[in-house]
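The listed protein sequences derive, respectively, from chains A and B.
In our numbering, each number is its position in the first sequence, counted from 1, plus 28.
For the second sequence, counting from 1, position 177 maps to 162 in our numbering; every step adds exactly one.
Even glycine gets a Cβ: it sits at the ideal position worked out from N, Cα and C.
The structure under discussion appears below in the form of structure tokens.
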Amino acid sequence: MGSLNIENVKKAFGPVEVLKGINLEVTDGEFVVFVGPSGCGKSTLLRVIAGLEDSTSGRVVIDGADVSATPPAKRGIAMVFQTYALYPHLTVKNNMGLGLKQAGTPAAEIDRRIGIASSMLSLEPYLARRPAELSGGQRQRVAIGRAVVREPKLFLFDEPLSNLDAALRVNTRLEIAQLHRRLKATMIYVTHDQVEAMTLADKIVVLNAGKIEQIGGPMELYNSPANEFVAGFIGSPKMNFVDGARLGETAKTIGVRPEHLTVDAKSGAWKGTVVHAEHLGADTNLYLDCEKAGLITVRIFGVYNAEPGATLYATPDPARTYRFGADGKVLK
Amino acid sequence: MSTATSSLPRTIGAHAVLLTYTVIALFPVIIVIMNSFKSRAGIFGAPLAPPTPKTFDLIGYTTVIGQGDFIHYFQNSLVVTVASLFFVLLFGAMAAFALSEYRFRGNSLMGLYLALGIMIPIRLATVAILQLMVTSGLVNTLTALILVYTAQGLPLAVFILSEFMKQVSDDLKNAGRIDGLSEYTIFFRLVLPLVRPSMATVAVFTMIPIWNDLWFPLILAPSEETKTVTLGAQLFLGQFVTNWNAILAALSLAIMPVLILYVIFSRQLIRGITSGAVK
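What follows is the structure in structure tokens.
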């Protein structure tokens, strides 16, 4: 139970084509993250899976059944929204139970499931409260609880952490990861934050302008990106891209991640001046304006003291340098 | 009030302007109410003076209540106002929901068509409306008035409510759809409570012109059975002799129900139950 197949799904709003033919296979129990910049179609794709938007063409198959014409409530899915979307007039308990009540589940069964979900998310003390009386983090836990009690085939998360502050975001991320481990359910998660994607996913789907750029595990995307877009999107700070011609290379663009550059005060491949240094404690980000390579970022582990204006030499690790052709694809 | 954003002269200035406006706005109402408690001689002798023991007289009120049918007129006005209000809010909110929620061909054209009524006074069509009511046998019924007032109130209601409905979070409606709520349940249980303040605004804007209207009761329902308060008060307005005591008393009484309705709705305007739904 809980597999998902998307076959050549297209979606257009009037003349604007938002999804340009998406094919995707998700096996049971997988945690799949859709990631991409704003407007890449990732939320629209999630809405098509949920049935909140009809696709212009193509099929959505959940658990072997074509659900393209099935209303959202009958698809066996549950969704967690960015803005929580709790019912303001209902208590936490009724918020979680409403979907089951609509489906005609017996009251005892509803109570049992709410009991399990609320202990899992430590929501017991708040069951009688209304959403207005809860903090942001608690509200999002209620929204997750509302999804859990439905025992769906498929969990859909639409940027669930974007409205939380940084500390809470890390906590809730951890809770979602634990939830996935405990329920072993299939989850689809949309985010624009590549850190969330890297930390949570079994499989990442990178979307750009309505098309899938690459599908793969987090380390696969990091170590062997298929093209310039994925290389630039995955990893923080962003990969440095240098014009191949300026370095006398045949490739159109040379890419090297900030952490795969070493610096030396005396000699190296690229001579440059320090523009700015960011000291983060565990590591230091240096911005170097290089004669050959232009403005690049170098990430050094640990503390490194460099004053703006100082001259440094940066050297890329040749084994971890990527070469991209004129079409943006990586050259083997 | 924080001292950073206000200075004493500015506060005084603002209050002076507001108080002046309040006095100007309330002046006619106060004069009407004051004079309704005075004898005829008192009204004409010193119209601006408050009632003194010498000029105090309840003759106006006794005339109005003694005239018998005035309670009935009140009932008519109340039935017409409340029924029209109910239909304006119900149909207006439903149309606004459809316009703001569903994408369909001609959506914006339909919105424009529904809002057009704001710019065209319904009274221009009086003759046609009268013909319509005569052929359908609705002359001298309250139904005729309710139908006309519903039509009159809808354009503004649709216009204002659709703006507010657009602001209701899509996520909330979608959460309802995933939980298996019908579109009607989503509309009545999720969306309407969230737009309640704007419903109250529309209710106030719709209610007052209906309550005060003289034109349509005079033309469509002038019979004794269906007279409204404003039409009933004309009884005391003769060509040669006008019973000012009775008119002023009738007007003062007519203010009361609409004031009560206003107080009820304005409480809704202030109450904010929307927090906590989203964000």
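Per-residue DSSP class, three states only, for residue 155 of chain B: helix
Interface flag, residue 117 of chain A vs chain B, CB-CB below 8 Å: yes
Cβ contact (3+ pairs, closer than 8 Å) linking the stretch 154 to 163 of chain A and the stretch 118 to 128 of chain A: yes
CB of residue 47 of chain A within 8 Å of CB of residue 39 of chain A, strictly: yes
Beta carbon proximity, residue 215 of chain A to chain B, threshold 8 Å: no
Nonlocal neighbours in the same chain, by C-beta distance under 8 Å from residue 210 of chain A, ignoring five residues either side: 148
Straight-line gap, residue 59 of chain B to residue 144 of chain B (C-alpha atoms, nearest Å): 31 Å
Helix, strand or coil at residue 261 of chain B according to DSSP, with G and I counted as helix: Any answer about residue 261 of chain B is weak, because its pLDDT of 40 lies below 50 and its placement is not dependable; what the coordinates show is given next. Here residue 261 of chain B sits in coil by DSSP.
Residue burial classification, residue 278 of chain A (beta-carbon count within 10 angstroms, cutoff 16): Of the residues assessed, residue 278 of chain A falls on the exposed side of the cut-off, its CB having fewer than 16 other CB atoms within 10 angstroms.
Beta-carbon neighbours of residue 157 of chain B, restricted to chain D and to distances below 7 Å: Absent here is chain D; the protein component of the structure consists of chains A and B.
Below-8 Å beta-carbon distance, residue 84 of chain B vs any chain A residue: Among the residues facing chain A, residue 84 of chain B is not included, as its CB has no counterpart in that chain under 8 Å away.
Identity of the residues DSSP links to residue 217 of chain A by a beta bridge: A:61, A:185
Residue 23 of chain B (DSSP reduced to helix, strand or coil): The three-state reading of DSSP puts residue 23 of chain B in strand, counting E and B together.
C-alpha gap between residue 139 of chain B and residue 4 of chain B, whole angstroms: 34 Å
Unbroken beta strand (DSSP E) run spanning residue 50 of chain A, endpoints: That run of the beta strand (DSSP E) goes 44 to 54.
Exposure of residue 336 of chain A, with buried meaning 16 or more beta-carbon neighbours within 10 Å: Exposed is the call here.
Contacts around residue 123 of chain B, its chain only, beta-carbon distance under 6 Å, and the 5 residues preceding and following it disregarded: 129
Pairwise C-alpha distance: residue 67 of chain A and residue 147 of chain B: The straight-line gap from Cα to Cα measures roughly 26 Å.
Residue -14 of chain B - DSSP class collapsed to helix/strand/coil: Here residue -14 of chain B scores only 47 on pLDDT, less than 50, and its place in the model should not be relied on; the value that follows carries that caveat. Here residue -14 of chain B sits in coil by DSSP.
Interface positions of the stretch 124 to 144 of chain A facing chain B (Cβ-Cβ less than 7 Å), listed along the chain: 126, 127, 130, 131
Where the beta strand (DSSP E) through residue 307 of chain A begins and ends: Residues 298 to 307.
Contact with chain A by residue 171 of chain B, beta-carbon distance below 8 Å: no
Start-to-end residues for the beta strand (DSSP E) that takes in residue 71 of chain B: Careful: residue 71 of chain B lies outside any beta strand (DSSP E), inside the alpha helix (DSSP H) at 55 to 86.
Chain A contact for residue 93 of chain B (CB, 8 Å cutoff): no
Sufficient close CB pairs (3 or more, under 8 Å) joining the stretch 101 to 112 of chain B to the stretch 42 to 58 of chain B: Output reads no: the stretch 42 to 58 of chain B does not touch the stretch 101 to 112 of chain B.
Chain-ordered neighbours of residue 175 of chain B on chain A, where CB pairs are closer than 9 Å: Ordered by position in chain A, the residues that pass the 9 Å Cβ test against residue 175 of chain B are 115, 116, 117.
Proximity test, Cβ basis, 8 Å: residue 165 of chain B and chain A: The C-beta of residue 165 of chain B comes closer than 8 Å to at least one C-beta of chain A.
The stretch 213 to 229 of chain B / the stretch 193 to 204 of chain B touching (three or more Cβ pairs under 8 Å): yes
Sequence-distant residues of its chain with Cβ nearer than 7 Å to residue 64 of chain B (five each side left out): 127
Own chain residues within Cβ distance below 6 Å of residue 341 of chain A, not counting five before or after: 292, 295, 296, 299
Endpoints, alpha helix (DSSP H) assigned at residue 201 of chain B: Looking at the DSSP string, the run of the alpha helix (DSSP H) that includes residue 201 of chain B is 200 to 205.
Other residues of its chain near residue 356 of chain A: CB distance less than 6 Å, five sequence neighbours each side excluded: 255, 256
Buried versus exposed call for residue 194 of chain B [16 or more other C-beta atoms within 10 Å across all chains shown]: exposed
Simplified DSSP assignment, three categories, for residue 242 of chain A: strand
Three or more C-beta pairs below 8 Å linking the stretch 32 to 40 of chain B and the stretch 89 to 107 of chain B: no
Where residue 268 of chain A sits in the DSSP three-state scheme: strand
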